[in-house]
Structures are given as C-alpha cells and as structure tokens.
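Some notes on the structure that comes next.
This is how it looks when you write it as structure tokens:
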C-alpha cells in the first residue's frame, strides 16, 4: 500500500505546473472556467491511468494504446476508466477522449469491472485502488478555488 507522500507524488506527477498557461488559457471569464473544469477532468483521467499503471505494472503508454492489447494492459485500462468514472465522476465522453475510445466502449469497460466484483480477491484489490483514488481526489479538494 502506498503511503500519503507516495500518493501525493503519484498524483502530482500527472498535474501540469501551470495548466492554463501551458495550454494558452487566460485566467478570467466564464469560458475559462469551463476550460479549467475540462482540464481538471482530463487530469483526473491521467491520475486514474497512473494508479492503474502502478497497480498492474503496466506502462501508461501501453494503457493508452488505441489497439487491443494484452490482457494486463486491457485490465489496467478498464480499471483506470472505472476509477475515472466512479470515483472522479468524469463523464463517459471525456474518459473516451482521454483513452482513445468511444463512450460505449467506456461504458462496456466499467460494466465488466462491476461484474467482476463478485470475485473476493478482485474486490479487495479494487477497493484498495478506490481508496487510493479517493485520497488523490481529496488532494484536489480546494483546487477550483485556487485558480
């Protein structure tokens, strides 16, 4: 299990230092609020991908590949999509955009993960990953107010 400092490092490794400046966004106006919300959703997808990558020992680039891949990569991708949706509440379309899949593929992946929860060992592992994701989410609690 990762300690708090490792969790924070994992999360922060996926957060651009100044995302608004990095993507050319100004910091004022309602359109900018929408862009910041979109950036946050994409960032949370990346955090979910990082968690799944670390948990399954699969490189993030492998999870991101657009083609069908080996079972471990597929399982890690499904877990990442599940965490992005269930814990981070990212919309299906945004998850699909970030993972190079369509909305229906994301929905299918999440259903597959939910169906596997009857397996006790899988449930224990998934519950641990959910707690880790919730801890990462708590690190971003005041993020919207800081911008």
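Residue numbers (the working numbering): 455 to 601.
Backbone N, C-alpha and C define an ideal beta-carbon position, used for all residues, glycine too.
- Secondary structure remark: continuous alpha helix (DSSP H) runs of at least 4 residues inside the region 560-598, in chain order: 574-593.
- For residue 541, the secondary structure class from DSSP, reduced to helix, strand or coil, is coil.
- Beyond the five residues adjoining it in sequence on each side, residue 548 comes within less than 6 angstroms, by CB distance, of 495 in the same chain, given in chain order.
- Distances from the CA of residue 555 to each of 520, 528, 582 were compared; the closest alpha carbon is that of 520.
- In the DSSP assignment, residue 524 falls outside any alpha helix (DSSP H) and carries neither an H nor an E.
- Residue state for residue 501 is assigned as helix, using DSSP reduced to three classes.
- Membership of residue 550 in the alpha helix (DSSP H) is indicated by the continuous run 546-553.
- The residue among 583, 529, 498 with its C-alpha nearest the C-alpha of residue 593 is 498.
- Non-local C-beta neighbours of residue 530 in its own chain, meaning closer than 6 angstroms and more than five positions away in sequence, comprise 506, 510, 512, 517, ordered along the chain.
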